[in-house]
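Visitor: Structure in structure tokens, see below.
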Amino acid sequence: MEGASHRIVNFIGGLIPLYTHDHVDGVLGARSLVDGTLILPMDEDEGGGNGLVTVHWQGDSNRTTVVQGVFIASYAIAKYVELHSIVETNKDTKNEMSHMIHHFEIKTGETLVFHVEENSELFSLLGKAVGKVGQEAVIEIIKKQIGL
6 MEGASHRIVN FIGGLIPLYT HDHVDGVLGA RSLVDGTLIL PMDEDEGGGN
56 GLVTVHWQGD SNRTTVVQGV FIASYAIAKY VELHSIVETN KDTKNEMSHM
106 IHHFEIKTGE TLVFHVEENS ELFSLLGKAV GKVGQEAVIE IIKKQIGL
């Protein structure tokens with residue numbers, strides 16, 4: 006059974022379009038699609054059971070940090086929510102995003118990984134919750150609900 010470190014990295018890798026899963030030397034990691042930073046789980050014997058991860062900044066193996074996975078996951082989740090809420094909280098932005106999504110689909114024949122929904126409540130509620138209780142409180146609630 007994989008430890009907390011592996012579960013955290015796997016979760017972060019699913020935060021598309023900011024991260025993607027990446028296999029490095031037979032280990033499943035999470036790669037930032039923004040700057041190439043690579044997040045790898047630690048072996049259980051080296052602290053992976055405690056949720057520690059190794060961060061290779063901009064993918065550089067010479068620039069690494071060992072950190073609690075929940076710290077990097079908190080940042081990744083906040084950026085993911087921020088990216089998605091930008092589209093949902095401003096009507097002009099939402100309209101422009103819808104236009105660009107449609108334009109992308111026409112030009113490429115491909116579909117982007119997120120869609121602008123007319124009646125999406127999730128990001129609207131997240132935006133309101135962040136405004137009411139703060140980003141850190143919302144992140145803690147989400148982490149608690151998903152077992153991090």
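Counting in the numbering used here, the sequence shown runs from 6 upward without gaps. Using N, Cα and C, we set each Cβ at its ideal position, and we do this for glycine too.
1) Distance check for Asp30 and Ile17, CA to CA, integer angstroms please.
2) Among Ala78, Ile144 and Val135, whose alpha-carbon lies nearest the alpha-carbon of Leu23?
3) Between Val71 and Lys112, what straight-line distance do the alpha-carbon atoms span, to the nearest angstrom?
4) From the DSSP secondary-structure annotation, give me the bridge partner or partners of Tyr157.
5) I'd like the span of the beta strand (DSSP E) that includes Gln73, first residue to last.
6) Apart from the five residues just before and just after Asn95, which ones in its own chain have a Cβ nearer than 7 Å to its Cβ?
7) Would you kindly report the start and end of the unbroken alpha helix (DSSP H) that includes Thr113?
Guide: Well, looking at it:
1) 19 Å
2) Ala78
3) 42 Å
4) With the chain running from 6 to 153 in the structure shown, residue 157 is simply not present.
5) Thr69 to Gln73
6) none
7) Note, Thr113: alpha helix (DSSP H), Lys96 to Thr113.
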